[in-house]
Amino acid sequence: MNMVSVSPTTLVTLLRVFIPFALAYFLSYLFRVVNAIIAPNLAADLNIGPADLGLLTSAYFVSFAAFQLPLGVLLDRFGPRRVAAGLLVFAAAGAMMFAMAGGLSGLFVGRALIGLGVSAGYMAAIKAYTLWFPPQQWPQINGLHLAAGGIGALSATLPVEFALTYADWRGLFIVLSILSAIVASAIFGCVPEQRQETGQIRLSDALRGIGQVFTSPLFWRVTPLTVTSQVAFMSIQGLWAGPWLRDVAGMDRAGIAGVLFWTAAAMTAGYVAIGFITERLSRSGIKPLTTAVWGMLLFMAVQALIMAGPVRWPTALWMLFGFIGTTGVIPYPALAMSFPSQLAGRVSTGLNVLVFVGAFAAQWGIGAVIALFPVTAAGHYSPQGYQASLAILLGMQALCLVWYFLAGRQ
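What follows is the structure in structure tokens.
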């Protein structure tokens, strides 16, 4: 079904609900991965080493993760319109602080405020879509929303590299601050107030539901593999892919931006395709979690190829990384459907907390491992540092894969 041709009402809903939230998710992803392009600028301008670069970039993840559990309660109490618009004000302030920062501490606080500000980019949108679109359109809308994030990642590659020929990274973040404020205004001014009340959730009930999720054997069977797979995907794509292409593949800035562009394009296609593929396989009797596990296993194989060192076709390899890495999102709806409907939101936010805390640790940890190896006079990092950090990530995923199968026998 072509959802934009269903009715004039649906078209209006697309314009008033989908477009503002899609723009917010676009910004969320752009902020998440932009440091992969501007990392050399930050390192040169402020004399930042690999460990500190990983730390400040991962500040996005730690504040994002810290707000996930209270976010679910706020969305139920105040609705997606007010929560998302209010939080984006923090993103605007954080981007401006990042632009004005004179050292690592200012960059870290600014980046953390950005993570807080975009922390509702997915969950608030899903809440709004379930309120304003019929259930049969949810998979399509969700896929398009994820694709908007992919376009944000695309915009953080060649377009950002092009923008840096006219302005420095500080000017770029001033523009992003202004865009964040505009999108916040669009959400608050265009999105309708929620038309159905979900009921006030008491704090004690919310905490009890979180306890049910975090004590579930199924949750802890699936979560470790999901978290380690997504952590590898997010931490590498969000920062370390760019330096790897420079230091291991020997590419210049234009070449790096091109590869990252196609990686993001493949990721966008992956988000759109993965829902279709999972649904078709499900009709054939293959459970979504089975599809997810095989997808994450293939993703491990791609990481192993990257770890092996320079390849003849880096663009093709990194496109595989972008496309197959999206399989780590399949467990989100699969897990949520395995719990009572009133706990579905807390299942997703609980998983999100662990993913983003892990991404914070991994993005910082990769930099710390790389810092153990010598840095060249030109500021390039050792290929052995990348190999060591990727080996650690792969080892963790392998252990969690073994745990998934062992726990399934109990």
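At position 128 of the sequence shown (counting the first as 1) the number is 146 in the numbering used here, and the numbers step up by one without a gap.
The C-beta atom is built at its ideal place from N, Cα and C for all residues, glycine as well.
Quick caveat, the model's predicted, so the values are computed rather than measured.
Check whether the Cβ atoms of residue i and residue j sit closer than 9 angstroms, and answer yes or no.
i                 : j                 : result
alanine 40        : valine 101        : no
proline 68        : alanine 386       : yes
glycine 170       : tyrosine 289      : no
serine 173        : phenylalanine 44  : yes
methionine 318    : serine 247        : yes
methionine 114    : serine 234        : no
glycine 97        : glycine 112       : no
alanine 250       : alanine 380       : yes
phenylalanine 180 : valine 35         : no
leucine 236       : leucine 164       : no
glycine 167       : tyrosine 184      : no
leucine 64        : glycine 121       : yes
valine 311        : leucine 243       : yes
phenylalanine 339 : alanine 389       : no
valine 231        : cysteine 418      : no
arginine 129      : phenylalanine 116 : yes
leucine 299       : proline 306       : yes
glutamine 86      : phenylalanine 374 : yes
Which term fits residue i, buried or exposed, when burial requires 16 or more other beta carbons within 10 angstroms of its beta carbon?
i                 : result
methionine 414    : buried
proline 26        : Its pLDDT being 48, under 50, proline 26 is placed unreliably by the model, and the measurement read from it follows with that caveat. Exposed is the call here.
leucine 411       : buried
valine 404        : The residue asked about is misnamed: residue 404 is tyrosine in this sequence, not valine. Tyrosine 404 comes out buried.
alanine 377       : buried
arginine 364      : buried
glutamine 360     : exposed
valine 30         : exposed
valine 240        : buried
isoleucine 132    : buried
serine 46         : buried
arginine 427      : exposed
glutamate 215     : Unreliable placement is indicated for glutamate 215, whose pLDDT of 48 sits below 50; the coordinate value is still reported in the next sentence. Exposed is the call here.
glycine 303       : exposed
phenylalanine 423 : exposed
leucine 32        : buried
alanine 83        : buried
valine 420        : exposed
serine 366        : buried
alanine 272       : exposed
Could you work out which residue in the options is closest to residue i when comparing CA atoms only?
i              : options                        : result
valine 178     : Pro210, Arg34, Ala57, Ala42    : Ala57
valine 393     : Asp265, Gln321, Arg298, Ala425 : Asp265
isoleucine 384 : Tyr147, Ala42, Leu73           : Leu73
lysine 145     : Glu211, Thr286, Val201, Leu122 : Glu211
valine 89      : Ile228, Val193, Tyr47, Ala409  : Correcting the residue type first, residue 89 is leucine in the shown sequence and not valine. Answer by Cα proximity: Ile228.
alanine 103    : Ala199, Phe126, Gln158         : Ala199
leucine 323    : Phe232, His163, Leu408         : Leu408
glycine 268    : Phe180, Val329, Tyr147, Arg226 : Val329
threonine 296  : Leu149, Ile342, Trp331, Asp270 : Ile342
leucine 125    : Asp270, Lys305, Thr75, Ala42   : Thr75
tryptophan 238 : Gly260, Ala425, Leu29          : Ala425
glycine 293    : Thr344, Gly303, Thr333         : Thr344
leucine 93     : Tyr147, Pro401, Leu60          : Tyr147
valine 201     : Val375, Leu263, Ala109         : Ala109
leucine 190    : Cys418, Leu60, Thr333, Ser400  : Leu60
leucine 197    : Ala326, Met314, Ala42, Val231  : Ala42
tryptophan 258 : Ser366, Met325, Thr308         : Met325
alanine 396    : Ser366, Val320, Pro261         : Pro261
aspartate 270  : His398, Ala287, Trp382         : His398
glutamine 255  : Leu316, Val209, Gln321         : Gln321
methionine 118 : Ile192, Ala416, Trp382, Ala143 : Ile192
proline 401    : Gly327, Trp421, Ala362, Trp336 : Gly327
proline 332    : Ser366, Met314, Pro306, Leu263 : Leu263
threonine 429  : Gly273, Ser366, Met337, Leu182 : Because the chain is modelled from 19 through 428, residue 429 falls outside the range shown and cannot be assessed.
Inter-stretch contact (C-beta, 8 angstroms, three-pair minimum) for the stretch 72-85 and the stretch 205-212: no
Stretch pair the stretch 345-355 + the stretch 275-287: three plus CB contacts closer than 8 angstroms: no
Sufficient close CB pairs (3 or more, under 8 angstroms) joining the stretch 47-57 to the stretch 364-376: no
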